[in-house]
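Per full-length UniProt numbering, the very first residue in the sequence shown carries number 1; after that it's consecutive.
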Amino acid sequence: MYCGIVGYTGLNYQSAPILLKGLQKLEYRGYDSAGIFVPDVADNMDQLVKEKGRVSELVDLVDRSDVSGTAGIAHTRWATHGVPSVENAHPQMSANERFYLVHNGVIENYLELKHKYLTDVPFVSDTDTEVAVQLVAKFVEDGLTTFEALQKMTSLLADNSAYGFLLMDDQEPDTMYVAKRKSPLLIGIGEDFNVVTSDALAMLDETHDFIELNDNEIGVIKPESVRLFNREGEEISREPFHVDIDASETDKGTYEYYMLKEIDEQPVAIRRMLDKYFGETGEILIGDQILNDIKAADRIYIVAAGTSYHSGLIGARMFESWSGIPTEVHVSSEFAYEQPLLSENPFFIFLSQSGETADSREVLQNVNRAGFKSLTMTNVEKSTLWREATYALPLMAGPEIAVASTKAYIAQVTLQAILAYALSDRIDLDLEQELSKIAVDIQAIVDDKAVFEKVANELLVPAHSAFYIGRGADADVSLEAALKLKEISYVQAEGFPAGELKHGTLALIEDGTPVIALMTQPKTAGLVRGNIAETQARGAEAYTITTKALAEPGDTGYVLPDVDPLLAPLLSVVPTQLLAYYTSLGRGLDVDHPRNLAKSVTVQ
Ligand code: AGP
C-alpha cells in the first residue's frame, strides 16, 4: 500500500498534534484509513490509534485517547494488500507489541517470507507490511539489534519490491528508523527535533530543510542526530536541501476545493514560468548543455503518465514543428515493458508533476542503465525523477494538491513550448509575448466560471457518458478533457479523434449524448464541423469550444480568443477543466479526493 508517511522525534513538543497536522496536509493524496503510534515513556504505555476513514475521525479518537509523548509515527493508507480496515491500517505492530511500522510501497515476496520465517507468528492483518514488522521482531528475538534486523529484513525483500519504511522500537522511544527503495522518504531537520515524511508539504510548518533518503539506505533519527547508512552498513553524510515553498501556498484559503484554486492559479503559473525562463532581453534561460544534448539527438522520446502524458502529446507537436526533431510520446507504464526500437541517439524527456510516478521512474532507470541522456520537467524539485535524470527543469506551478492535475498540465505545455522554441531557429513568433497574452486570456476564461457551471449542470451532470472530439492538437486535448471529467465526476467520457468516430464509436451516440467538440485548428475545423453534424444527426447534444476566427453563427459553445494553433491547448483545456469541476460539484462529489485515486502513484 502507499500514501502518506510522517514521523517526529523531539525534546520538547507533543508529537501527536504535529503528526496529525502532517496527515491532514497529506489528505490530498487520497487514502482510506489512517493511524498513529506514540511511545509513551511516562507510564511506559504505548499508544496505537487507528481508524478506517478520514483523518478527522482519527484526530477525535486520539483526543479521546489522551495520547502523549514527544515522538511518534503516523500514516494514511491507500489500500493495495487487504481491504481498508482498522486491522489493515498502519502502523502495523509486531506480535510482541514492541515494534511499530508504517510503509509506503509493495513487498512483492511477502507471502514467501511469511511462509519461510513466520509460520508460528499470529497475524492480525492481510498486509505485506505486517510481514515486514514481524520479521524485524523475529530477527531481534534471534539476537540482532533493531538496526541489524531492519537491515536483514530489507535485504530479504524482492528486488522489484518498493518500500518506504518508518519503524519504531518501544525500547528506544526517541528513535526512528527509516529504510527506502523506490518509495520517497525525506528526513526533515529541526533545532531540537527531526521529522520524516513521504512528502515535504506535510512538514513545512516544522522545517524547510530536508535530506533525501536514497534507495537501499537506512537512517537512524533521534531528536538531535540523523545518521545515514548505505546498503553495506557504511555511514554516509548528505547535506540538506532547502524547500522554497511557502506553507501558505498549500492552504485552500477561501476555496471550497483545491482544484478550483489551482485552475485559477494557471495565469500565475505561466507568469512564474516567464520570470524563470526569459531574461531581460527576451533570451531564454535554459542551459546550453541541455540544448546541445537535445540538438545532438536524432529523436526525442517523451515519457509520462496520465495528464502528464497528455501534455507530452502537445509538446511533441512543438518539438517537431518548431525544432524539427522527430518526437515520440509514450505512456510510461507501457514503455517500461514494451520498449519500441530506439533511434541511434535518443534523448528522453520525463514529464511528471510529482516527480515520483513509479511507472515513469521505472523507465528512467532503464534509460540511465542504457546510458542515454534525459531531462525531467517536474513540479517537485529534488523529487526522484528530478534527481535521477541528467537534467531537470522546474514547472514553477506551486504545490498542486488536488488529485486532478490542472496547473501542472498548463505548466508542462508552457515549458515544453519554451524548450522547443529555444531549440528552434524560428523567429516569427514572440513566444514570451504570446505566453503573456495567453495568461491574460486564461484569466478571462476562469472569470467566466458561471458559463461552465451552467453547461456542466445542464449537459454533463445528468449524463452517463460524454465525448470530447477534435483533430490534431484538439484530439490530444480531448484526451485530457475526458480524463478530467472521468476522474472527478465519474461520467464515462472518451476523448476521440473526430474523424475516427464514424469507424465504430458513433454507434454509442444516442439521444442527448453530450459531444463537446474542440475546434482551434484552422486546418481541420471544417472537418470537425462535419463530424459534429454526424453526431447531431443521431441525437447528440453538441457543444463547441472554438476560436474567434473559426466560430460560426449558430454555434452552441464557447469562443476563445485567437491564438497560435500550437499554443491553443493552453486555452482550450481550461473550459474542459471547469466543466469537469462543476460536473463533479453538481454531482455532490468530493472534487479533490475522487474515489480510488491517489495524487502521486508511487507503485507500478
Ligand atoms: C491527473 O489528473 C491524474 N491525477 C493523473 O493522471 C496524473 O497525471 C498521473 O498520475 C501522472 O502523475 P505525475 O504527473 O505526478 O507523474
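The beta carbon of each residue, even a glycine, is placed where N, CA and C say it ideally should be.
Query                                                                                                                          : Result
Three-state class that DSSP yields for R181 in the structure shown                                                             : strand
Anticipated Cβ contact below 8 Å, T129 with L101, distance rounded                                                             : 6 Å
Ranges of the alpha helix (DSSP H) found wholly within the UniProt domain "SIS" (290 to 433), counting only runs of at least 4 : 306 to 318, 332 to 335, 358 to 370, 384 to 388, 407 to 423
Which listed residue (G10, A498, L135, G554) has its alpha carbon closest to that of G190                                      : G10
Straight-line gap, Y391 to L566 (C-alpha atoms, nearest Å)                                                                     : 25 Å
Minimum Cβ-Cβ distance from A42 to chain D less than 8 Å                                                                       : Annotation note: the requested chain D is absent from the structure, which comprises a single protein chain.
Nonlocal neighbours in the same chain, by C-beta distance under 6 Å from I532, ignoring five residues either side              : A517, A542
Distance, Q134 Cα to V121 Cα                                                                                                   : 8 Å
Same chain, Cβ closer than 6 Å to F229, neighbours up to 5 away in sequence not counted                                        : I218, E235
Heavy atom of the ligand AGP within 7 Å of A408 beta-carbon                                                                    : yes
Given 8 Å, three or more beta-carbon pairs between the stretch 457 to 465 and the stretch 577 to 591                           : yes
Opposing strand residues paired with Y490 [DSSP bridges]                                                                       : Y490 is not bridged to any residue.
Three-state secondary structure (DSSP) of L597                                                                                 : coil
Close beta carbons around V136, own chain, < 8 Å, minus the five adjacent residues each side                                   : S94, F99, L101, T146, A149, L150, M153, L167
Cα-Cα separation, V106 to F165                                                                                                 : 11 Å
Three-state class that DSSP yields for L144 in the structure shown                                                             : coil
Spatial neighbours of G287 in its chain, beta-carbon cut-off 8 Å, leaving aside the 5 residues before and after                : Y391
Cα-Cα separation, S161 to E388                                                                                                 : 19 Å
Local conformation of N109 per DSSP, three classes                                                                             : coil
S33 beta carbon less than 8 Å from that of Q47                                                                                 : no
CB contact flag (T175, V220, <8 Å)                                                                                             : yes
N-terminal and C-terminal residue of the beta strand (DSSP E) that G164 is part of                                             : 162 to 169
Three-state secondary structure (DSSP) of M1                                                                                   : The pLDDT assigned to M1 is 45, lower than 50, so where the model puts this residue is not dependable, and the model offers no usable value.
Buried or exposed (CB count within 10 angstroms, at least 16 for buried), V124                                                 : exposed
Simplified DSSP assignment, three categories, for K152                                                                         : helix
Inter-residue Cα distance where the pair is G504 and P346                                                                      : 36 Å
Which of helix, strand or coil DSSP assigns to I286                                                                            : coil
Check: S237 C-beta below 7 Å from any heavy atom of the ligand AGP                                                             : no
Cα-Cα separation, V403 to I314                                                                                                 : 21 Å
Extent of the continuous beta strand (DSSP E) to which R231 belongs                                                            : That residue, R231, is in no beta strand (DSSP E); it is neither H nor E in DSSP.
Check whether V413 and P569 have beta carbons under 8 Å apart                                                                  : yes
Residue burial classification, R181 (beta-carbon count within 10 angstroms, cutoff 16)                                         : buried
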